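Residue numbers (UniProt numbering): 1 to 282.
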């Protein structure tokens, strides 16, 4: 779209007065696909505010988007790039308050690490569902290997991120010899159909092979349960935890407390729910 088409009233892509003229002229920052996703999300929120059903119902997820930063050596530019990406994908609605700041700072430090330690010339950020991917061509530099003893900025940012999001978050890292991919996944919000997540019924022999890239595996228990069922479920999870760190989701509050008391080596949490007014927008 040329600028005249982008800003025409007939086009009607915006319901947003935040970016004003910038949206009309900066197609690199605001590609057409992103604008249409903003429009669709705004329409769905308007329907929801009136108590009307959208087809299909909009998931509480990030707005799908990919952004590229070629010059990642200027720190103010990196800060602005990460902040713009978070804003454009509606991250402030999925992760309000302290969680938003923790993810923003972690992404900033990971971009710096990709350039300064990974030798990257630039980075991609991708928003997909309940996760953000950082992708770059460069050396193998696993963020899960960062420690407070050997680093400062990146190590502290990752430690802070885990302290804020707790067991809802997992970090997956892969390197195929040329391309590195770091995934920050809010599995606690997303549910079982995500990387680094599995249903308890699928914990068959050899299950752990598929999760080598994950710092933890999130296991979702399902079905109707009561207190007498916890022992059998917990024993199976306890055996699996000897092969990989597990985070267990899906228990009701009283069952979660009971499971944590009986099996203290397991991390047992409840799925985090968002308020209705935290649906993403532009």
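Note that beta-carbon positions come from the ideal geometry of N, C-alpha and C, so glycine has one too.
Just so we're clear, the structure is a prediction, and the values are computed from it rather than from any experiment.
CB-CB under 6 Å to residue i, same chain, minus the five flanking residues each way: which ones, in chain order?
| i | result |
| --- | --- |
| residue 267 | 167, 247 |
| residue 197 | 187, 218 |
| residue 30 | 23 |
| residue 67 | 85, 125 |
| residue 92 | 100 |
| residue 109 | 153, 154, 157 |
| residue 259 | 230, 234, 251, 268 |
Under the assumption that residue i contacts residue j (Cβ atoms under 8 Å), give the Cβ distance between them as a whole number of angstroms.
| i | j | result |
| --- | --- | --- |
| residue 162 | residue 169 | 6 Å |
| residue 195 | residue 173 | No, residue 195 and residue 173 are not in contact; Cβ-Cβ is about 11 Å, not under 8 Å. |
| residue 114 | residue 158 | About 14 Å separates the two Cβ atoms, so there is no contact after all. |
| residue 141 | residue 160 | That belief does not hold up - the Cβ atoms of residue 141 and residue 160 are roughly 19 Å apart, past 8 Å. |
| residue 185 | residue 130 | 7 Å |
Whose C-beta lies closer than 8 Å to the C-beta of residue i among residues of the same chain, with five residues either side of it excluded?
| i | result |
| --- | --- |
| residue 34 | 63, 65, 88 |
| residue 207 | 198, 240 |
| residue 83 | 104 |
| residue 71 | 77, 122 |
| residue 73 | 115 |
What residues match up with residue i in a beta bridge as DSSP calls it?
| i | result |
| --- | --- |
| residue 136 | 180 |
| residue 198 | 219 |
Could you give the DSSP three-state label for residue i: helix, strand or coil?
| i | result |
| --- | --- |
| residue 242 | coil |
| residue 115 | helix |
| residue 63 | coil |
| residue 125 | strand |
| residue 68 | strand |
| residue 233 | helix |
| residue 267 | strand |
| residue 172 | strand |
| residue 104 | helix |
| residue 97 | coil |
For the beta strand (DSSP E) containing residue i, name the first residue and the last one.
| i | result |
| --- | --- |
| residue 209 | Element bounds for residue 209: n/a, residue is neither H nor E. |
| residue 94 | Run containing residue 94: none in the beta strand (DSSP E); it sits in the alpha helix (DSSP H), 91–94. |
Return the first residue and the last residue of the alpha helix (DSSP H) that residue i is part of.
| i | result |
| --- | --- |
| residue 49 | 32–49 |
| residue 187 | 187–190 |
| residue 78 | 75–88 |
| residue 165 | 153–165 |
| residue 255 | 253–262 |
Skipping 5 residues on each side, what residues in its chain have a beta carbon closer than 7 Å to that of residue i?
| i | result |
| --- | --- |
| residue 101 | none |
| residue 119 | 138, 139 |
| residue 320 | Within the shown structure, residues of the chain are numbered from 1 to 282, placing residue 320 beyond reach of any answer. |
| residue 213 | 172, 173, 174 |
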